[in-house]
Structure formats: C-alpha cells, structure tokens
Amino acid sequence: MSTTRLIGSACICILVLFPLLASALPAQGEDPLLSVIQDYGRPLSFVDPKTGAITGFQVEMLDALAVRIGLKLKHVFVKTYAELVRKFERENAALTPSVAISNDRKMIFDFTEPYESIPLLIFVRSEDTQIQTIQAGLIIGAVRASAAVGYLRAIEGIKIDLYPGYQEVIAALMERRIDAFTASAGRVRGMLIDAGLDGKVIPVGPPVGVVHRAVAVRKGNTALLERLNEEVAVFVGSSEYQKIQEKWFGAEEK
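Residue numbers 20 to 273, in the numbering used here, belong to the letters of the sequence shown in order.
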C-alpha cells in the first residue's frame, strides 16, 4: 500500500471517530458543561444575597471535583426538582451535584457511586408531635420520584401526596393539606430557615430509611460518568473534601 493511501485511510478513521470522542466531553477551549444546582438553601446550595453567586457545600464540592478531572462548569440555579429535570430534558444539562438515588430517577439520570448516605426523617408541624411514626390514616407528602416514595409505598393505609419540590411539600404541611412529610434533614433545613419555619417544622421519631446521594449525569454520557467515578471515592476521602465539609457544617457539628 502506498504512503498516500495509508495517510488517506488514517484520515478517514480520524474523521469517523472524532465526532464520537468529541461529543462525550468538552475539549479545551469549548463551552463549559451545564451544571444544574437545585435550591436547598444554606448551607447546601443557595444564591448569596450579597454577591449573587451560586454557592454552598454542594457547589464547592462539585467545583473541586471538576477541577480534579479537568472539567469546566457553568452553573444554573433552579428552585425545584421539576425544573432541574426540565434542564436535562430541554437544555442539554450535563450534571447536577446531589440527587437521591431511586429506581424512578435511574430512568432519567446515570449516577456516580454514592458519596453520602443520609437518614430519611419524618417532619411534622411542631404542635403535632403526637405523630412519631408513619401510621395508617395519615396523609404523607413527598417529592415526586424521590427515594422517599419507595419507602412510603411499602406502608399500608397511608395516603401519599406528591409534589414537584420540597418548597411545595413544606407549604402543603403548613396549610394542613398533609400531616407529615419525609426528607433528609440536610435537604430541607436551609429552606425552613429561609422561610422562617425553623422550629415550626421539626423532625420526629426514628428514620424511615436511608437515602444514598450521588452526582447525577445526563443519561447515556458514559464518558463523563466514568471520569467522575474514577475520582469520586478518592475525592471523598481527601483532606480537600473534609475542609469543604468543615467550612459549611463544621461549626454545627462541634
């Protein structure tokens, strides 16, 4: 085979393979990946009222992880889980830092290995502490497609009301449309503080279950998922991750 023919064959191979490789991850100089940050309030994820910056534990954690694997991110802020899903469906979002893993959500996202496991608690109005467990006859609120729904469906005799996000669940509780809701404390504490409801909505009883949270990636983006998975376990065990945790949670834990 002539040198000219060899060069031509090589060029054809490169032209065929390049779009497949380039579509998986952004090359240097390309637009950053779109990262969706859901509003969980301080300290998890919120807009700083002084600077207008999107910040919080989840944001700094994802930024640090992205630096480690050479990704550039552009954050967009949304109020509810439903808005988050729409960003993936309509605006080519690539990833979001923290989603509770559930079978329903596995149909929408691919997940990295979990980086945290959090108890799923029962929340009630402060005057309703006679409710300590989820019992038949109660109306229980939950976020649609959340990990809590699977636990609740296994409990007989309750009515489950589903909502787009935690803001709507909290509103339903305060308006007495539901008796209680289930959530991990960290997901709703900042929202309760921001809404002036800290102490008016409280956790009670033993945990309903355990929620495993992970970085969620656009379904089918295996290149990005593999890059993240290679680093997640190492990062979570690092001093850098511990410092980010201490910055946002350390004062409360001491």
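Glycine residues also receive a C-beta, built at the ideal position from the N, C-alpha and C atoms.
Since we're looking at a predicted model, the values are computed, not measured.
*Leaving aside the five residues before and after residue 60 along the sequence, list all residues of the same chain whose C-beta is less than 6 Å from its C-beta, in chain order.*
Position 41 of the sequence shown, counting from 1, holds the residue named residue 60. Excluding sequence neighbours, residue 60 sits near 209, 210, 213.
*Sorted by chain position, which residues of the same chain lie with C-beta nearer than 6 Å to residue 198's C-beta, five sequence neighbours on each side aside?*
For the purposes of this step, residue 198 is taken as the residue at position 179 of the sequence shown. Correct list, in chain order: 157, 158.
*Would you mind stating whether residue 253 and residue 131 have Cβ atoms separated by less than 8 Å?*
Along the sequence shown, read from residue 1 onward, the residue named residue 253 stands at position 234. Along the sequence shown, read from residue 1 onward, the residue named residue 131 stands at position 112. The answer is no: Cβ separation not under 8 Å.
*Which term fits residue 258, buried or exposed, when burial requires 16 or more other beta carbons within 10 angstroms of its beta carbon?*
Position 239 of the sequence shown, counted from the start, is the residue given in the question as residue 258. That one is exposed.
*Less than 7 Å between the CB of residue 186 and some heavy atom of the ligand SAH, yes or no?*
Absence of the ligand SAH is noted for the structure shown, with no ligands found whatsoever.
*Alpha-carbon to alpha-carbon, residue 244 and residue 230*: Residue numbering aside, residue 230 sits at position 211 when the sequence shown is read from its first letter. Residue numbering aside, residue 244 sits at position 225 when the sequence shown is read from its first letter. Cα-Cα distance, rounded: 20 Å.
*Would DSSP call residue 237 helix, strand or coil?*
Position 218 of the sequence shown, counting from 1, holds the residue named residue 237. Strand at residue 237.
*Does the separation of the CB atoms of residue 100 and residue 55 fall below 8 Å?*
Here residue 100 refers to the residue found at position 81 when the sequence shown is read from its first residue. Here residue 55 refers to the residue found at position 36 when the sequence shown is read from its first residue. Against a cut-off of 8 Å, the Cβ pair of residue 55 and residue 100 comes out as no contact.
*Would you please state the rounded distance, in angstroms, between the beta carbons of residue 58 and residue 96? I believe it to be under 8 Å.*
In the sequence shown, the residue the question calls residue 58 occupies position 39. In the sequence shown, the residue the question calls residue 96 occupies position 77. About 7 Å separates the two Cβ atoms, so the contact holds.
*Quick one: is residue 111 buried, meaning 16 or more other Cβ sit within 10 Å of its Cβ, or exposed?*
Translated into the one-based positions of the sequence shown, residue 111 becomes position 92. Per the 10 Å Cβ criterion, exposed.
_Tell me which residue opens and which closes the beta strand (DSSP E) that residue 57 is part of._
Counting from one through the sequence shown, the residue named residue 57 turns up at place 38. Residues 52-57.
*asked:* Could you check whether residue 233 and residue 86 sit closer than 8 Å to each other, using their CB atoms as the reference points?
replied: By one-based count along the sequence shown, residue 86 stands at place 67. By one-based count along the sequence shown, residue 233 stands at place 214. Their beta carbons are not under 8 Å apart, which means residue 86 does not touch residue 233 by this criterion.
*The beta strand (DSSP E) with residue 144 in it runs from where to where?*
As a working note, residue 144 is residue 125 in the sequence shown. Where residue 144 is concerned, the enclosing beta strand (DSSP E) stretches over 135-144.
*Is the distance from the Cβ of residue 165 to the Cβ of residue 121 below 8 Å?*
Counted from its first residue, the sequence shown places residue 165 at position 146. Counted from its first residue, the sequence shown places residue 121 at position 102. A contact, by the Cβ cut-off of 8 Å.
*asked:* Considering only DSSP beta bridges, list what residue 222 is partnered with.
replied: Counted from its first residue, the sequence shown places residue 222 at position 203. Answer by DSSP bridge pairing, in chain order: 142.
*Along the chain, which unbroken stretches of the alpha helix (DSSP H) at least 4 residues long are found entirely within the region 175-204?*
185-193
_Endpoints, beta strand (DSSP E) assigned at residue 93_ = On the sequence shown, position 74 is the one that residue 93 refers to. Counting along the chain, the beta strand (DSSP E) containing residue 93 begins and ends at 92-97.
*asked:* Please report the straight-line C-alpha distance between residue 123 and residue 189, rounded to a whole angstrom.
replied: Mapped onto the sequence shown, residue 123 falls at position 104. Mapped onto the sequence shown, residue 189 falls at position 170. Roughly 22 Å between the two C-alpha positions.
*Report buried or exposed for residue 215, applying the criterion of at least 16 other Cβ atoms within 10 angstroms of its Cβ.*
As a position in the sequence shown, residue 215 is number 196, starting the count at 1. The residue in question, residue 215, is exposed, as its Cβ has fewer than 16 Cβ neighbours within 10 Å.
*So, are the CB atoms of residue 237 and residue 72 less than 8 Å apart?*
Residue 237 sits at position 218 when you count from the first residue of the sequence shown. Residue 72 sits at position 53 when you count from the first residue of the sequence shown. No; because the gap between Cβ atoms is not below 8 Å, this pair is not in contact.
*Could you please give the first and the last residue of the uninterrupted alpha helix (DSSP H) stretch that includes residue 123?*
Position 104 of the sequence shown, counted from the start, is the residue given in the question as residue 123. No alpha helix (DSSP H) holds residue 123; DSSP gives it neither H nor E.
*asked:* So, with DSSP's three-state summary, where would you put residue 165?
replied: Against the sequence shown, residue 165 aligns to sequence position 146. Coil.
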